[in-house]
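Under the numbering used here, the final residue of the sequence shown carries the number 228; numbering is consecutive throughout. Just so it is clear, CB atoms sit at the ideal spot from N, CA and C, and this is done for glycine as well. Since this is a predicted model, take the numbers as computed values, not measurements. Data block below; observations after.
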Amino acid sequence: MTAKIIAVVNQKGGAGKTTTTMQLAGTITRRGYKVMVVDADPQGSATRWAASAEDSTPFPASVIGLSAANEKVHREVKKFIEDYDVIIIDCPPAADSPVPQSALIVADLALVPILPSPLDMWAAVGIKQVIEHCSTINDALQARLILNQAQAKTTLSHESIEVLSEFGIPLTKTQIAQRQIYRQSAAFGVTVHDLGKASAAVKEIEALVDEVFAVLNLKRNKKQ
Ligand SMILES: Nc1ncnc2c1ncn2[C@@H]1O[C@H](COP(=O)(O)OP(=O)(O)OP(=O)(O)O)[C@@H](O)[C@H]1O
Ligand SMILES: [Mg+2]
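And the structure:
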């Protein structure tokens, strides 16, 4: 087994990196894969998320903190590559941090959650340049933008999709809507699946994982 590595990046704070990381990690684990989250952010949000879980429902994936590794994150992550099927690196927002660059050197896929607001879209140009730079070193690197906190009926979300489709990084078909359940799942240290099996949030996260799996060439369920 050689892990597929996903780096969740955006220099803008609060875009949904940790939310995306944790929902994906829990969902991919449910599909029979062995998943590790690397919390590469000194804020430790992914670690706190997992720590918020009840003993009876521990967070499904392993979470380790590697933020202090700084520009050596890629080297440390590589040590786990034979032990997991998927490794997801939750990166810090800071533009001047060496962590996103380091993560993108080993990643197969960069996921960039982005909010449907002009300020967030302007700021995304910075991470696009970092991804492009890392692509010159890492041939395997692919990238996808994910519209997060989308509000289906607002013109802003609609306009965002038009602007982002010309951004130079493909946009996933699946959008993550703005929903309270995403905040609740952080508070309870779970994924949206644990808060109601047939919710719209479960459907969109499962659809997002399907898209990610198509990019990474992974089967829907490991044991099939
Ligand atoms: N789709 C959503 N619907 C509702 N709330 C959301 C959604 N996505 C994220 N949030 C909330 O928005 C806030 C920021 O999300 P999150 O922590 O995932 O972003 P981040 O990019 O990891 O932030 P940071 O840059 O600080 O690491 C959190 O309070 C989170 O619960
Ligand atoms: Mg975060």
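Asked: Contact between the stretch 6–14 and the stretch 107–118 (3+ Cβ pairs under 8 Å); Found: yes
Asked: Buried versus exposed, by CB contacts within 10 Å (16 or more), residue 96; Found: buried
Asked: Assigned secondary structure, residue 69 (DSSP; H/G/I helix, E/B strand, else coil); Found: strand
Asked: Identity of the residue in 191, 226 and 33 nearest residue 91 by Cα; Found: 33
Asked: Beta-carbon contacts of residue 124 that lie in its chain and below 6 Å, excluding the five residues immediately before and after; Found: 16 and 118
Asked: Per DSSP, the bridge partner or partners of residue 39; Found: 90
Asked: Pick from 126, 121 and 196 that is closest to residue 163, judged by C-alpha positions; Found: 121
Asked: Bridge partner(s) assigned by DSSP for residue 115; Found: 12 and 148
Asked: For residue 133, three-class secondary structure by DSSP; Found: helix
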